[in-house]
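Here the protein sequences come in this chain order: S and W.
When you line the first sequence up against my numbering, it's residues 1 to 114, in that order.
When you line the second sequence up against my numbering, it's residues 115 to 228, in that order.
From the three backbone atoms N, C-alpha and C, an ideal C-beta is built for every residue, glycine too.
Below is one structure, written out as structure tokens; comments come after it.
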Amino acid sequence: DGGITQSPKYLFRKEGQNVTLSCEQNLNHDAMYWYRQDPGQGLRLIYYSQIVNDFQKGDIAEGYSVSREKKESFPLTVTSAQKNPTAFYLCASQYGTENNQPQHFGDGTRLSIL
Amino acid sequence: AQSVTQLDSQVPVFEEAPVELRCNYSSSVSVYLFWYVQYPNQGLQLLLKYLSGSTLVKGINGFEAEFNKSQTSFHLRKPSVHISDTAEYFCAVSEGGGADGLTFGKGTHLIIQP
């Protein structure tokens, strides 16, 4: 079945450590997204990529980095510069490069601080 | 820039009763509108979308929504809810142009009481 796979499901970060969240899709979608979800805050856009080797900052990119070396993969690194990383992280993908297409979501990674 | 307001953070409803979840948006251009549902510790699933045409949109699980341009609203309705509808519901908007991500409301927690 086609879909989006996020791993790991749960992740713990120590102080001063960078961690990387994986997102892989086999839907042959062009665009991919990372959102952060905090209780009562909805989803906020961190980064997005419309094409391989290109990505754009979203509303809350500080303390995060991404890469898009392959169409199927869009990993997110939470750096030590992100002082409040505890959240639920959702990856999404979309067919095409127009905003009238719905986004498909993975099941998320929950990141906590040790 | 667009924004989305979901007026109720929680909506308690008795089983088999009707429900309406409210969503208002602001945008200076034409928009595309979406409703997503999120079950605990999972990603988001698309319920329905409005792109153009008929203002009454039908989605999955018996849900429907009506686009009202003059009131800038996109309220979600279901005539008779079931225990399994207990979840978080998100309204989202995107504007025409490139695939630069969705703007989400803060969500409404639908609580079905037996």
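Give the residues of chain W in contact with residue i, contact being defined as C-beta atoms less than 7 Å apart.
i: A31(S); result: A213
i: F105(S); result: G157 and L158
Taking 6 Å as the cut-off, is the C-beta of residue i nearer than that to any heavy atom in the ligand ZN?
i: G106(S); result: Ligands displayed in this structure: none; no statement on the ligand ZN is therefore possible.
Where does residue i sit, in a helix, a strand or coil, going by DSSP?
i: D199(W); result: helix
i: G221(W); result: coil
i: N175(W); result: helix
i: D54(S); result: strand
Under the DSSP definition of a beta bridge, which residues are partnered with residue i?
i: S93(S); result: M32(S) and H104(S)
i: Y237(W); result: The question about residue 237(W) has no answer here: the residues shown for chain W are numbered 115 through 228.
i: D38(S); result: G42(S)
i: S123(W); result: Looking at the DSSP assignment, S123(W) forms no beta bridge with any residue, so it has no partner.
i: Q25(S); result: I4(S)
For a contact meaning CB atoms closer than 8 Å, what does residue i contact in chain W?
i: Q56(S); result: D214
From residue i to residue j, what does the alpha carbon distance come to, in whole angstroms?
i: V127(W); j: F177(W); result: 15 Å
i: F55(S); j: S65(S); result: 10 Å
i: F88(S); j: E62(S); result: 17 Å
i: E15(S); j: A81(S); result: 10 Å
i: G173(W); j: V151(W); result: 11 Å
i: Y146(W); j: Q185(W); result: 15 Å
i: Q227(W); j: P193(W); result: 15 Å
Taking all protein chains shown into account, do 16 or more other C-beta atoms lie within 10 angstroms of the C-beta of residue i, making it buried, or fewer, making it exposed?
i: N99(S); result: buried
i: G58(S); result: buried
i: K70(S); result: exposed
Name the chain S residues whose beta carbon is nearer than 9 Å to that of residue i?
i: Y153(W); result: Neighbours of Y153(W) on chain S: none; closest Cβ ~10 Å, over 9 Å.
So with CB distances below 7 Å, who are the chain S contacts of residue i?
i: E209(W); result: N99
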